[in-house]
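Just so you know, the working numbering puts 241 at position 42 of the sequence shown, and the rest follows in order with no gaps.
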Amino acid sequence: MKRNQENGILERRLLPAGSDQFFSLDGWFVWGGSVCREGDRYYIFASAWKKEYAFSGWVKHSTIILGIGERPEGPFRFVREMTELKTQHWSREMVHNPTALKIGEKYYLYYIGTTGEPSKWNEGQTAEAEIYRYNQKIGVAVGTTLKKPLIPSMNNPLLEPVESSWDCTYVTNPSVVCGPDGIRMVYKSLMKDRSAMKLGIAQGDSPEGPFHRLTKAPILDENIEDPFLWYQDGAYRMIVKDMRGTLAGKPNEAVIYASEDGVEWKNLPVYAYGTAIEWKTGTVIYSNVERPQMYIENGKPVCLYNAVGNVPEDTFNVARRFGNEE
């Protein structure tokens, strides 16, 4: 896809970020923030793991941390590690990829978890990282307030790989929306390791499931990941990371898809943003601007969040507020 503008459809609406519009933790890699509001406070959920394990150590050592701020763009202060997410057997060793939203009067935090135990999913794998990777599943924790620990659902894991299917390896990167068709979840998987990354879609009977797949094949043929799904102005919309640059123009940049029903994604994607962050002090180009999430209020995006850094050296989450719509 060729760009028809210098700046993307999201990028050109983003205001320059202040020096305090990020979430980090000394001595830790921080990755992939998602924000929910309760009262006059904004709660950020992010993946984190100690730098002593190296960046690749997330697959075994990641946890989910909680921060709090007075504005959707931060600053956020660290509150605690969400140890309650590791109380179930399937996620007792690692949790990652948080995505939070409020549905009705409850808060739902979706995440992935894994263990290093032998299973039908990782049979034949010998590398430790792959043993953990091939056990990744999706779950949710629920609560009526974010001021107390959330409770992992008894229905967990909500989504697992399916043998002899395109998503037979692992399921990860969940993004969930409550739209006119109910609860929809987009997730990432692939047929075999190091093949193209693909996205699937599932429908939930409730926010806690059960979830069932809506298609037998990936919803798109492209090599993409890191979906963020939302519903706005009568359509489902989805930001994804373009792995090879065939859609956005360069690898690791982002595009937006739109769909009337959230299942068929036939419209051509639109370039969204690249790997440059405009700060109030100047623009910086990073090697990684990933894991898009948005805080949405009254049906409109307010802030865009990305995991940012020059991997494997350092990472943090940046929060960028949107200006007026064009």
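Where is the CB? At the ideal position from N, CA and C, for every residue including glycine. Predicted model, so just to flag it, every value in this text is computed and none were measured.
Serine 388 beta carbon less than 8 Å from that of threonine 414 = no
Using a threshold of 8 Å, state whether the C-beta atoms of asparagine 451 and asparagine 487 are closer than that.
-> yes
Grouping DSSP H, G and I as helix and E and B as strand, with all else coil, what is glutamate 329?
-> helix
Contact check, valine 278 vs tyrosine 494 under 8 Å by CB: the rounded distance?
-> No, valine 278 and tyrosine 494 are not in contact; Cβ-Cβ is about 18 Å, not under 8 Å.
Are the beta-carbon atoms belonging to glutamate 424 and asparagine 372 less than 8 Å from one another?
-> yes
Any chance you could list the alpha helix (DSSP H) runs of at least 4 consecutive residues sitting entirely within the segment 433–520, in chain order?
-> none
From Lys336, Glu489 and Glu512, residue whose alpha carbon lies closest to that of methionine 442 | Glu489
Using the Cα positions of tyrosine 470 and arginine 236, report the straight-line distance between them to the nearest angstrom.
-> 29 Å
Looking at the structure shown, is arginine 212 part of a helix, part of a strand, or coil, going by DSSP?
-> helix
If you check the beta carbons only, do leucine 503 and proline 468 fall under 8 Å apart?
-> no
Leaving out five residues before and five after aspartate 239 in sequence, what residues of the same chain have Cβ atoms less than 8 Å from its Cβ?
-> Glu269
Since histidine 260 is in the alpha helix (DSSP H), which residue starts that stretch and which ends it?
-> 257–260
Leucine 308 (DSSP reduced to helix, strand or coil) | strand
In this structure, does DSSP put lysine 201 in helix, strand or coil?
-> With a pLDDT of only 44 at lysine 201, under 50, the local geometry of the prediction cannot be trusted, and the value read off the model is given with reservation. Coil.
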